[in-house]
Amino acid sequence: MSIAVDIDDLPDAVAERAFAYLLTVGGDERPKAVALVPTVVDGELRFIVGAGTGRNVGERPRVSMIFPPTATDEFSLLVDGDARLEPCADGARGADGGEMLVVVTPTWAVRHRPAP
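All residue numbers for the sequence shown refer to our numbering, where the first residue is 6 and numbers rise by one.
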């Protein structure tokens, strides 16, 4: 059971969630998942990742995010987007410190759960 989410409504949908899994693809073409807590700024999702995930984003910028439900009968939030790396600000460590800032521009979103 799926319900489309308008990209303009995504900040509210993300605010309802505690965290997300970011899915990237590595050089060996295997998927990699990391848990993180994104913030929404001007409709984009922003978060700090480690060097490996940052490398994946730099080489393959199409990503997916899964925001799990908070209860078994609720919907997950699935988001696809185009990611880019940006310089870290406000004292956050940069690439030489092993962490990178990723910004995702959402291109598609849906709430999904198994049919009752």
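Glycine included, every Cβ here is placed at the ideal spot set by N, Cα and C.
Since the structure is predicted, the reported quantities are computational estimates derived from the model, not experimental observations.
Residue burial classification, residue i (beta-carbon count within 10 angstroms, cutoff 16)
| i | result |
| --- | --- |
| residue 80 | buried |
| residue 76 | exposed |
| residue 8 | exposed |
| residue 72 | buried |
| residue 44 | exposed |
| residue 112 | exposed |
| residue 59 | buried |
| residue 42 | exposed |
DSSP-derived helix/strand/coil call for residue i
| i | result |
| --- | --- |
| residue 60 | helix |
| residue 114 | strand |
| residue 16 | helix |
| residue 49 | strand |
| residue 29 | strand |
| residue 120 | coil |
| residue 5 | Beyond the ends of the chain as shown, which are 6 and 121, falls residue 5; an answer cannot be given. |
| residue 92 | coil |
| residue 22 | coil |
Inter-residue CB distance, residue i and residue j (contact presumed, cutoff 8 Å)
| i | j | result |
| --- | --- | --- |
| residue 19 | residue 50 | 7 Å |
| residue 36 | residue 28 | 6 Å |
| residue 70 | residue 23 | That belief does not hold up - the Cβ atoms of residue 70 and residue 23 are roughly 13 Å apart, past 8 Å. |
| residue 88 | residue 107 | 5 Å |
Beta-ladder partner(s) of residue i, from DSSP
| i | result |
| --- | --- |
| residue 72 | 82 |
| residue 55 | 104 |
| residue 87 | 67, 110 |
| residue 9 | 115 |
heavy atom of the ligand SAM below 7 Å from residue i C-beta
| i | result |
| --- | --- |
| residue 36 | Among the ligands in the structure shown, none appear at all, so the ligand SAM cannot be discussed. |
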